[in-house]
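As structure tokens, the structure follows; a few thoughts come after it.
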Amino acid sequence: MKKILVTGALGQIGSELITKLRSIYGDSNVIATDIRVDNQIAEQGPFELVDVTDEQRIFQVAKDYQVDTVMHLAALLSATAEKMPKRAWDINMGGLMNTLEVARELNLQFFTPSSIGAFGPSTPKDNTPQDTLQRPTTMYGVNKVSGELLCDYYFQRFGVDTRGVRFPGLISYVTPPGGGTTDYAVEIYYEAVNNKSYTSYIAEGTYMDMMFMPDALDAIVQLMEADPAKLIHRNAFNISAISAEPMDFARAIQAHIPEFNLTFNVDPIRQGIAESWPNRIDSSVATAEWGFKANYDIDRMTKEMLEKISSKVNL
Ligand SMILES: NC(=O)c1ccc[n+]([C@@H]2O[C@H](COP(=O)([O-])OP(=O)(O)OC[C@H]3O[C@@H](n4cnc5c(N)ncnc54)[C@H](O)[C@@H]3O)[C@@H](O)[C@H]2O)c1
């Protein structure tokens with residue numbers, strides 16, 4: 001049985017991951033932490049205020065609850081990091097270093113997500129291999145590549161059981177995304193339900209990898225439970241479910257809302273980030289080493305997104 005501390009637990013991933021982990025390992029075995037409070041998560045099980053730039057505080061909470069695993073989610077995402085690069089470095093690199101140190105000192109299993117943002121313009125864009133050129137041009141990407149290397153280093157040098165994936169853009173209906181480049185692929189569903197139209201800040205024809213949140217949560221649990229003897233790579237496994245551009249979402253939505261209309265007003269900053277990322281990454285190494293498999297394609301995901309958002313709107 002695991003006892004898990006999660007940082008950045010109130011974000012897009014954490015808010016759903018906490019519920020899933022509590023259903024598997026028990027409410028009292030999952031300690032949610034963030035720099036702000038959410039009553040629902042706090043009522044369900046243990047919650048503590050933890051700023052990941054404060055190593056002592058992470059150490060104290062991990063020790064007090066006698067956790068054996070840390071899942072480190074606290075970060076500034078790609079578009080936000082581009083607005084405040086110095087702050088992004090401090091939180092993304094400082095926070096990662098601090099949680100890795102706590103994992104080393106207390107001998108904890110460790111998970112943190114990298115991202116498709118760890119790739120750059122010189123990376124092969126189609127079927128992007130697991131091991132390839134990584135020269136990202138964003139602060140977020142610089143942080144993510146450094147983070148991947150740092151996690152490998154902590155395993156090789158200190159034997160910390162670090163594991164991680166490169167998530168694509170994650171699509172969900174519970175908590176809004178926190179300032180990433182793929183946020184359009186969430187907004188488009190809310191606008192489809194509320195206004196039957198959407199203006200995309202990403203240009204037509206710009207492909208990026210995406211995944212529905214239930215597949216992302218399954219991947220985290222599966223990787224953390226995987227037999228370590230089978231892991232050749234430990235950190236930064238490529239995983240993806242869908243490669244799509246804005247018109248693909250429009251077509252999938254029109255199957256349910258025929259009058260849905262998509263227009264474009266491209267944001268040069270986020271478009272620039274999107275163009276520096278792959279079109280479609282190759283997840284076959286994750287499948288071979290720990291059995292990664294996505295269950296949702298764009299049509300199945302679209303049906304569920306529209307149903308869930310409509311039921312929220314009609315409450
Ligand atoms: N959501 C995606 O599409 C996606 C894709 C690839 C990778 N990732 C990665 O997954 C992780 C989690 O992403 P998310 O989408 O849940 O992010 P999010 O922005 O939705 O949530 C981040 C959380 O971290 C908290 N936080 C910010 N600064 C903090 C600090 N100093 N100390 C403690 N908590 C702090 C915020 O309050 C927030 O609740 C990040 O590492 C991100 O880079 C996310």
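In my numbering, the protein residues as written are 1 to 315.
Backbone N, C-alpha and C fix where the C-beta goes; we use that ideal spot for every residue, glycine too.
Quick caveat, the model's predicted, so the values are computed rather than measured.
Delimiting residues of the beta strand (DSSP E) encompassing residue i
i, result
"Thr123", "Run containing Thr123: none; DSSP gives neither H nor E here."
"Ile4", "Ile4 to Thr7"
"Met211", "Met208 to Phe212"
"Ala244", "Ile242 to Ala244"
"Asn261", "Asn261 to Phe264"
"Ser200", "Ser197 to Ser200"
"Val70", "Thr69 to His72"
"Ala32", "Val30 to Asp34"
"Glu48", "Phe47 to Leu49"
Beta-carbon contacts of residue i that lie in its chain and below 7 Å, excluding the five residues immediately before and after
i, result
"Val333", "Since the first residue of the chain shown is 1 and the last is 315, residue 333 is not available in this structure."
"Gly180", "Leu77, Ser78, Ala79 and Gly169"
"Val322", "A question about residue 322 goes unanswered here, because the residues of the chain that appear run from 1 up to 315."
"Asp259", "Per the sequence shown, the amino acid found at residue 259 is Glu instead of Asp. Same-chain partners within the cutoff: Lys196."
"Met139", "Ala81, Glu82, Pro85, Ala88 and Trp89"
"Asn265", "Thr199 and Tyr201"
"Ala274", "Thr181, Ile202, Thr206 and Met208"
"Arg104", "Tyr154, Phe158 and Val160"
"Thr267", "Before going on, a small fix: residue 267 reads as Asp here, not Thr. Closer than 7 Å at the Cβ level, and outside the excluded window around Asp267, lie Tyr201."
"Arg22", "Val30, Gln44 and Gly45"
"Val2", "Looking at the sequence itself, residue 2 is Lys, so the reference to Val does not match. Same-chain partners within the cutoff: Tyr25, Asn29, Asp68 and Thr69."
Residue i, enclosing alpha helix (DSSP H) - first and last residue
i, result
"Glu307", "Ile298 to Val313"
"Glu16", "Gly14 to Tyr25"
"Val285", "Ser284 to Trp290"
"Ile41", "Asn39 to Gln44"
"Val61", "Glu55 to Asp64"
"Glu82", "Ser78 to Lys83"
"Glu275", "Pro268 to Glu275"
Residues of its chain near residue i, where Cβ-Cβ distance is below 8 Å and the 5 sequence neighbours each way are ignored
i, result
"Gly95", "Thr7, Val52, Thr53, His72, Ala74 and Ala75"
"Ser15", "Ala9, Asp38, Ile41, Val174 and Thr175"
"Lys312", "Tyr173"
"Tyr190", "Ile309"
"Tyr296", "Met211, Phe212, Pro214, Asp215, Ala241, Ile242 and Glu304"
"Ser28", "Gly45 and Pro46"
"Ile24", "Val221"
"Met247", "Glu204, Gly205 and Leu262"
"Ile91", "Val52, Thr53, Ala74, Ala75 and Leu76"
"Gln271", "Tyr201, Ile202, Ala203 and Thr206"
"Asp299", "Ala252 and Ala255"
Nearest-angstrom Cβ-Cβ length linking residue i and residue j, presumed shorter than 8 Å
i, j, result
"Val30", "Ile58", "The pair is not a contact, with the Cβ atoms about 16 Å apart (cut-off 8 Å)."
"Val37", "Ala62", "Actually they do not touch by this definition, with Cβ atoms about 19 Å apart."
"Gln12", "Gly178", "6 Å"
"Ala118", "Lys144", "4 Å"
"Glu204", "Glu245", "7 Å"
"Ile280", "Asp183", "Contrary to the premise, residue 280 reads as Arg rather than Ile in this sequence. 20 Å between Cβ atoms; not a contact."
"Met211", "Phe167", "7 Å"
"Asp209", "Pro124", "Their Cβ separation, rounded to whole angstroms, is 14 Å, which puts Asp209 and Pro124 out of contact at 8 Å."
"Tyr207", "Ser243", "5 Å"
"Leu49", "Thr69", "Contact flag wrong, Cβ pair sits at about 20 Å."
"Ser276", "Pro121", "5 Å"
"Ala192", "Ile269", "Rounded, the Cβ-Cβ distance is 24 Å, inconsistent with contact."
"Lys20", "Leu262", "With a Cβ gap of about 32 Å, Lys20 and Leu262 do not count as contacting."
"Ile171", "Met301", "6 Å"
"Asp282", "Thr99", "Rounded, the Cβ-Cβ distance is 29 Å, inconsistent with contact."
Same chain, Cβ closer than 6 Å to residue i, five either side skipped, listed in chain order
i, result
"Asn235", "Glu148, Cys151, Asp152, Thr162 and Gly164"
"Lys230", "Glu289"
"Leu17", "Leu217"
"His256", "Leu306"
"Leu133", "Ser122 and Thr123"
"Met35", "It is Ile, not Met, that sits at residue 35 in the sequence shown. Cβ within range, chain order: Asp51."
Test: residue i CB closer than 7 Å to a CB of chain B
i, result
"Glu259", "In the displayed structure, chain B is absent; only one protein chain is listed."
**Q.** Given 8 Å, three or more beta-carbon pairs between the region 148–164 and the region 104–111
**A.** yes
Q: Count the CB pairs spanning the region 285–300 and the region 216–229 that are closer than 8 Å, and state whether there are at least three.
A: yes
(Q) Using 8 Å as the cut-off, can you tell me whether the region 152–159 makes contact with the region 299–313, which would need three or more C-beta pairs spanning the two stretches below that distance? (A) Three or more Cβ pairs closer than 8 Å define a contact, and the region 152–159 falls short of that threshold against the region 299–313.
**Q.** Sequence ranges, beta strand (DSSP E) only - wholly within the region 107–192, length at least 3
**A.** 109–111, 126–128, 165–167 and 169–171
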